[in-house]
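Chains A and B are the protein sequences, given in the same order.
For the first sequence, numbering that gives the first Met the number 0 gives the first residue as 0, with consecutive numbering after it.
For the second sequence, numbering that gives the first Met the number 0 gives the first residue as 0, with consecutive numbering after it.
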Amino acid sequence: MEHKTSFFKAIKAVIWKDLIAELRSKELVSGMLVFSLLVIFIFNFSLELSPSTRASVTAGVLWVTIIFAGTIGLNRSMAVEKDRGCLDGLLLAPVDRTAIYFGKSIANWIFMLIVAAIILPVYSILYNHNVISIGLVFVILLGSEGYVAIGTLLASMAVQARTRDILLPILLFPVVIPILIASVKASNGFLIGVAFNELTNWIYLLAAYDVIFTSVAFMVFDAVVEE
Amino acid sequence: MKSKPKWLKILDIITIISFALATLMVFFYAPLERVMGAVQKVFYFHVSAGWVGMLSFMIAAIAGIAYLIKKDSKWDLVGYSAVEIGIAFTMINVITGSIWARPIWNSWWTWDPRLTTATIMELVYFAYIMLRQGIDDPERRNRFSAVYAIVGFISVPLTFFSIRIFDRTIHPVVIGSGDANAIGSFDMTPLMLQTLLFSILVFSILFVDLMWHRIRLGQYSNEIEELKLRIQD
């Protein structure tokens, strides 16, 4: 008789746990949010975001902001598990370990999307220029999925290292460059008003990267948490 | 302490002789390229070093997979040794490339897909080394570096692909069809091709020799670790 909780039920439980913990503490999303607003302000002064420059750099600014904020979120979300011994508790649970991986990834993905959902309107208001479009939202969905897929894996490695405060960005950034390039290019296309069907190549590419990174992370995650 | 195996001694000698031979071939056997002149000679070792860099990182990824399956620390040693050697050769590849680029492209560096990818690849493996240094428990360190060697090796070609799609390259592709925009491209004469193939062979031998030495070194350092632990007990 199999007493294992079903795979999807386990994923749902992990996501739910993260969402409730976040709802009570509000430290992750608020931290990411304040941080990303600061990044936008720093960009504003360092790049002199006048209307002419903005046309070419908006996609880059948005993605750098999302990715930096994402690093903070990933580090925090795994560090919480590690510090309070929750990770051991999770691992002791009689569920498939990849369910834990997917649960954590999807929770991190949700947090990144919440932050993006606030940043985009704020950016639009600050620069009096609507950047929100279905295409851009779609790119952010795909791009951040690939990012958290590999980020959750590497963050769970980084928090177990002695140098964990500096390790995550160093491990993560060189590896997610393909996703970043495709995301920035596709976002830029949507921002300057290129038609959707001309950018489908970038969308397909992003989707392919998402599949590759998610499946690789899924396959090796067991090796990262086994003790 | 075992003395150096006989075959390793022989391999050392073969490596030294063939390396000297390759150097002589580059300077005296291969003809001078008509347009670029002497600086084009860097090409032979540039390509060979790049090949060894790629080969090392591929071996590191394979050793990573083998480690995750077998959990045998000898695979970790193979992977770590390959990464160290790969970093050195990729560095040689990038530096010789810059030496070639300066007179031909009139710049040490361009944001070309190949150059950018090679350097990002180097950064991935710097991160690999930093990851190893950050973890004290050997078993965990082995597991994590195996995972990262696999992830890194998968990401590098994707990076190249992404950059390549939207950028025209000026990097010459000497073997196979090159881009029409390439600067510094040339047709290889048979003598040049022979020199190139021989250089690649010599660098591959050098790689095997270095791997062997590095793995032996790693085995000794593991032995020392064990002896130290025994003294402490």
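All residues carry an ideal CB built from backbone N, CA and C; glycine is no exception.
Should G151 (chain B) be labelled buried (16 or more other beta-carbon atoms within 10 Å of its own) or exposed?
Result: buried.
Quick test of your reading: Y66 (chain B) and A145 (chain B), contact by CB under 8 Å. State the CB separation rounded to the nearest angstrom.
Between A145 (chain B) and Y66 (chain B) the Cβ distance is about 4 Å, and since that is below 8 Å, they are a contact.
I want to verify the contact list: residues of chain A whose CB lies under 7 Å from the CB of L7 (chain B), in sequence order.
Within chain A, no residue comes near L7 (chain B); the closest Cβ sits about 33 Å away, beyond 7 Å.
Any idea what DSSP makes of G102 (chain A), helix, strand or coil?
Correct three-state label for G102 (chain A): helix.
Measure the Cβ-Cβ separation of G88 (chain A) and M31 (chain A) and say whether it is below 9 Å.
The answer is no: Cβ separation not under 9 Å.
Is I204 (chain B) closer than 9 Å to L10 (chain B) when the C-beta atoms are compared?
Contact: yes.
Based on the DSSP output, what are the partners of E32 (chain B) in its beta bridges?
Beta-bridge pairing links E32 (chain B) to B:G36.
Between A222 (chain A) and chain B, is any beta-carbon pair separated by less than 9 Å?
For A222 (chain A), the answer is yes, since a Cβ of chain B falls inside 9 Å of its Cβ.
Would you call S154 (chain B) buried or exposed, if buried means 16 or more other Cβ atoms sit within 10 Å of its Cβ?
When all chains shown are included, S154 (chain B) counts as buried.
Could you say which of A:K8, A:A54, A:F44 lies nearest to H128 (chain A) if we only look at CA atoms?
Nearest of A:K8, A:A54, A:F44 to H128 (chain A), Cα basis: A:A54.
For K5 (chain B), name the three-state secondary structure that DSSP assigns.
Reduced to three states, the DSSP call for K5 (chain B) is helix.
Output yes if chain A places a C-beta closer than 9 Å to the C-beta of V146 (chain B); else output no.
So, interface residue.
Let me know the secondary structure DSSP gives I124 (chain A) once reduced to three states.
DSSP places I124 (chain A) in helix when its eight states are reduced to three.
Could one say the Cβ of G253 (chain B) lies closer than 9 Å to chain A's Cβ atoms, at least one of them?
Because residue 253 (chain B) is not part of the residues shown, which for chain B are 0 to 232, the question remains open.
Relative to the C-alpha of A87 (chain B), which candidate in B:S220, B:T194, B:H45, B:I15 has its C-alpha closest?
Closest by alpha carbon: B:H45.
Looking at the unbroken alpha helix (DSSP H) that takes in R229 (chain B), where does it start and where does it end?
First-last of the alpha helix (DSSP H) with R229 (chain B): 189-231.
For T158 (chain B), go through chain A and note every residue whose CB falls closer than 7 Å to its CB, in chain order.
Correct list: I176, P177.
Helix, strand or coil, according to DSSP, for S49 (chain A) in the structure here?
In this structure, S49 (chain A) counts as coil in the three-state DSSP scheme.
Taking the alpha-carbon positions, what's the W107 (chain B) to L114 (chain B) distance?
Their backbone Cα atoms lie some 11 Å apart in a straight line.
List the residues of chain B whose Cβ lies closer than 8 Å to the Cβ of I39 (chain A), in chain order.
Neighbours of I39 (chain A) on chain B: none; closest Cβ ~25 Å, over 8 Å.
Need the endpoints of the alpha helix (DSSP H) that S80 (chain B) sits in, please.
Unbroken alpha helix (DSSP H) run through S80 (chain B): 72-104.
Take R96 (chain A) as the anchor and find which of A:V215, A:I10, A:S214, A:A207 has the nearest alpha-carbon.
Here the closest residue by C-alpha is A:I10.
Taking 8 Å as the threshold, find out whether the stretch 175-182 of chain A comes into contact with the stretch 201-214 of chain A through three or more Cβ pairs.
Result yes; three or more Cβ-Cβ pairs closer than 8 Å.
State the DSSP-derived secondary structure class of H45 (chain B), mapped to helix, strand or coil.
Here H45 (chain B) sits in helix by DSSP.
If you drop the 5 nearest sequence neighbours on each side, which residues of the same chain put their C-beta closer than 6 Å to that of D17 (chain A)?
Here the set comprises A106.
Once the 5 residues before and after L48 (chain A) are set aside, which same chain residues still bring their CB inside 6 Å of it?
Same-chain partners within the cutoff: there are none.
If I149 (chain B) and I64 (chain B) are in contact, beta carbons under 8 Å, what's the gap, nearest whole angstrom?
Their Cβ separation, rounded to whole angstroms, is 6 Å, which keeps I149 (chain B) and I64 (chain B) in contact under 8 Å.
Taking Cβ to Cβ, would you say L91 (chain A) is nearer than 9 Å to V224 (chain A)?
Not in contact: L91 (chain A) and V224 (chain A) (Cβ atoms no closer than 9 Å).
Nearest chain B C-beta to V219 (chain A) closer than 9 Å, yes or no?
Yes, because at least one Cβ of chain B sits closer than 9 Å to the Cβ of V219 (chain A).
So L166 (chain A) contacts chain B; which residues on that side make the cut at Cβ distance below 9 Å?
Per Cβ cutoff of 9 Å: A126, M129, L130, G133.
Can you list the residues of chain B that V215 (chain A) reaches, using a CB-CB cut of under 8 Å?
Those are I149, V150, I153, listed as they occur along chain B.
Taking all protein chains shown into account, decide if Q231 (chain B) is buried (16 or more other Cβ within 10 angstroms of its Cβ) or exposed.
The residue is exposed, with fewer than 16 neighbouring Cβ atoms inside 10 Å.
Would you give the residue range spanned by the alpha helix (DSSP H) that A9 (chain A) belongs to?
From DSSP, the alpha helix (DSSP H) with A9 (chain A) extends over 6-24.
Below 8 Å on the Cβ atoms is my guess for F220 (chain A) versus Y146 (chain A); work out the distance and round it to an integer in Å.
The pair is not a contact, with the Cβ atoms about 16 Å apart (cut-off 8 Å).
With 7 Å as the limit, tell me which residues of the stretch 177-192 of chain A have their beta carbon closer than that to any beta carbon of chain B; keep them in chain order.
Per Cβ criterion, the list reads P177, I180, A181, K184.
Answer with buried or exposed for F202 (chain B), where buried requires no fewer than 16 other C-beta atoms within 10 angstroms of its C-beta.
So F202 (chain B) counts as buried.
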